[in-house]
Structures are given as C-alpha cells and as structure tokens.
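When you line the sequence shown up against our numbering, it's residues 2 to 304, in that order. Built from N, CA and C at the ideal position, the CB exists for glycine as well. All values derive from a computational prediction rather than experimental measurement.
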Amino acid sequence: MNVHHLELFYYVAKYEGITQAVRRMPYGIQQPAVSGQMLNLERSLGTPLFHRRPFVLTAAGEQLYNYVYPFFSRMEEVRSQVCGEGTDHLRLAAPTSVLANHLPGVLGQLRREFPNLRLTLRELPAPGAESALLKQEADIAVTLCDEKVSASVSIEKLIKLPLVLLVQKKNKDLSPKSFLELEKKAKSGDYRIKEALVSLLPGETVARLFQKGLQDRNLIWNPAVEVTTLELVLSYVAQGFGYGLSVAMPQMKLPPNVISLPLDKFPSLEIGLMHTGKLQPVGERFIEIVRAYTKQMVKNKAK
C-alpha cells in the first residue's frame with residue numbers, strides 16, 4: 002500500500018468526506034487528486050473503503066482507519082517533540098456556557114502553572130464531544146454524560162445538576178404556581194399542563210430528561226417556545242413568555258423578576274470530562290483543577 006494514499010484516507014475518514022478533507026487538511030491538494038488516489042487505494046486493496054453519498058465507512062474502511070489512526074493522529078504531537086517545541090498546548094471542547102462562565106477561572110490557574118500554555122477552545126454541543134475527540138480536534142471535552150461512548154473514550158462524571166423551572170415573578174403579592182400545583186391541576190383534567198413552556202429543542206438532553214419525567218407522571222406539557230440555549234430560555238422567561246425549563250447551575254444568577262422552582266424526582270443532568278489516550282501533563286493538571294473547582298462549587302451551593 003502507498004503510505005501517502007493511507008494518509009489521505011486518514012483525513013477523508015476523519016473529516017467524513019473528500020470535500021471536507023480537502024478543506025481541512027494541513028497542506029494543499031486538489032479534490033480530483035484525492036478522489037483519484039482513493040480509487041487507486043481501493044483498487045490496490047480490492048474492496049471499497051467508504052460510500053460517497055452519504056459518507057460512511059465500509060467494514061473494510063473501519064478496519065483500515067483503526068489501523069492507521071494511531072500513527073497519523075499523533076503527527077502534530079511528534080512534530081512538536083522532534084522540533085523541540087513545548088507540549089503545553091491544550092485543546093478543549095465545551096458548551097458555550099461552560100466556556101464563558103466556568104473555564105476562565107480554571108484556565109487562569111492553569112496558565113499560572115504553565116506560563117507557556119497555548120489554548121484552543123472549541124464551542125461544541127454535547128452530541129459532538131465524542132466525535133471531536135476521536136477526530137483529534139480536542140484533547141479534553143467538558144460535556145454531558147448521558148450516552149454510551151466507545152471503549153477508546155475515557156469518561157469521568159463530575160457533578161449532577163437538577164432540572165428546575167424558571168418563572169417570572171410579577172410582584173411580591175403574586176407567587177407563581179409550583180410544579181406540584183401545575184401537576185395537580187393537570188391530573189384533575191386531561192393530564193395536560195396548559196401554561197406556556199419555554200424549552201430547548203426536543204433533541205437536547207435537558208428537554209429529553211424533562212419529557213421523560215413528565216411521562217413517568219403521565220403528564221403532557223408541550224413547549225410553546227423552543228430555543229437553542231439555556232441563556233435564551235432565561236431571557237424569554239424574564240420577558241414573560243411562560244415557564245422556562247432550565248438547570249440549577251451553581252453560581253447561576255437570575256434577574257430580580259425571575260425565580261427558580263424545583264422539579265423534585267425528575268432525572269438530573271450529569272456533567273463530566275471525556276478524553277482519549279494518555280494526556281500530556283498540562284491535560285492531566287487541567288483535570289485535577291476542574292475536579293477541585295467542581296467540589297468547591299458543590300460546597301458553596303450547600304451553604
């Protein structure tokens with residue numbers, strides 16, 4: 002087999018397509034050239050390696066990718082070591098709220114311990130965390146722990162966060178109904194909660210956990226407003242669009258006109274860390290700092 006063909010195949014498999022590989026490879030090569038060399042590789046092996054549209058590896062392609070991945074995925078790391086460059090480069094993937102509200106303090110401490118620290122921060126929804134790790138786009142992901150991951154991915158659960166309802170409090174004399182009141186009213190009728198609900202999109206973990214909790218109670222509550230982030234949920238609740246489905250995040254600050262209502266016995270959201278393989282010292286130290294940071298958040302919440 003031609004080693005260059007194997008390298009091109011690695012990028013095609015990693016980025017799930019020839020067009021995407023050409024755009025993101027570390028050196029320039031034209032798409033027709035990559036297509037031609039992939040055909041040559043398949044001819045030399047006597048079997049197709051992937052389906053073009055939609056892109057998916059064949060069984061033979063999966064086998065070959067697993068074989069070449071350990072070598073080609075470490076090329077940048079090896080280059081840095083051979084050239085005598087520092088290894089204090091950390092690539093992190095996390096949701097926007099984590100990147101904005103929690104990682105600055107953690108990374109500030111890490112930077113004091115590693116003065117030559119170089120960071121690559123990637124905004125990433127939870128379903129994309131495992132893929133980013135396996136494609137070597139991130140060293141560590143801070144993500145939700147709600148799905149099974151492949152054997153090559155290490156996962157460490159850090160904290161459980163309960164679901165809550167946010168609601169606008171219009172004045173001191175008018176207290177919003179608790180979830181138990183909403184539940185009691187719904188069960189006296191058709192088991193549907195009529196109040197407007199602001200929620201994340203149906204595929205999001207928070208929305209799925211909430212709907213599961215409703216199903217366990219034989220309740221139906223369909224969203225009136227669907228948004229893409231918890232920050233938008235809070236914004237629309239503050240403007241009076243209804244009850245908002247959210248998560249009880251430590252250190253979460255609510256506007257004066259919004260209160261949080263507990264959702265007892267509903268499933269909780271689990272946050273954790275994911276990574277593959279052995280980490281560099283900077284990555285291992287990052288995890289240690291995150292553990293300590295999480296423990297402190299839990300203590301502060303309990304006070």
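Item, Value
"Buried versus exposed call for V291 [16 or more other C-beta atoms within 10 Å across all chains shown]", "buried"
"Limits of the unbroken beta strand (DSSP E) element including V143", "I141 to L145"
"Inter-residue spacing [alpha-carbon to alpha-carbon] between D174 and V168", "Per-residue confidence for D174 stands at a pLDDT of 48, beneath the threshold of 50, marking its modelled position as unreliable; no derived number is given."
"Selection from S74, R113, R24 and I260 that minimises the alpha carbon distance to Q137", "S74"
"Through-space distance from V207 to V299, alpha-carbon basis", "20 Å"
"Buried/exposed call for S200, threshold 16 Cβ in 10 Å", "buried"
"CA-to-CA distance, Y16 to L65, given in whole angstroms", "15 Å"
"Which of helix, strand or coil DSSP assigns to E148", "coil"
"Helix, strand or coil at A130 [DSSP, three-state]", "helix"
"Cβ separation of L202 and F180, assumed to be a contact under 8 Å, to the nearest whole Å", "Actually they do not touch by this definition, with Cβ atoms about 21 Å apart."
"Supposed close pair L108, L120 - CB separation, criterion 8 Å", "7 Å"
"Three-state class that DSSP yields for S261 in the structure shown", "strand"
"Contact the stretch 235 to 249 vs the stretch 145 to 165: 3+ CB pairs below 8 Å", "yes"
"For A94, the first and last residue of its enclosing beta strand (DSSP E)", "H90 to A95"
"Neighbour-count burial assignment, F72, 16 or more Cβ in a 10 Å radius", "exposed"
"S153 in three-state terms, based on DSSP", "coil"
"Neighbourhood of P224 by C-beta distance below 6 Å, restricted to the same chain and skipping five residues each side", "L198 and S200"
"Buried or exposed by the 16-neighbour rule on C-beta atoms within 10 Å, applied to L183", "buried"
"Which residues DSSP lists as bridging L122, in chain order", "L93"
"Segment limits, alpha helix (DSSP H) that includes S36", "Q32 to L46"
"Residues of its chain near Q32, where Cβ-Cβ distance is below 7 Å and the 5 sequence neighbours each way are ignored", "I19, T20 and V23"
"Unbroken beta strand (DSSP E) run spanning H5, endpoints", "No beta strand (DSSP E) holds H5; the alpha helix (DSSP H) holding it covers V4 to K15."
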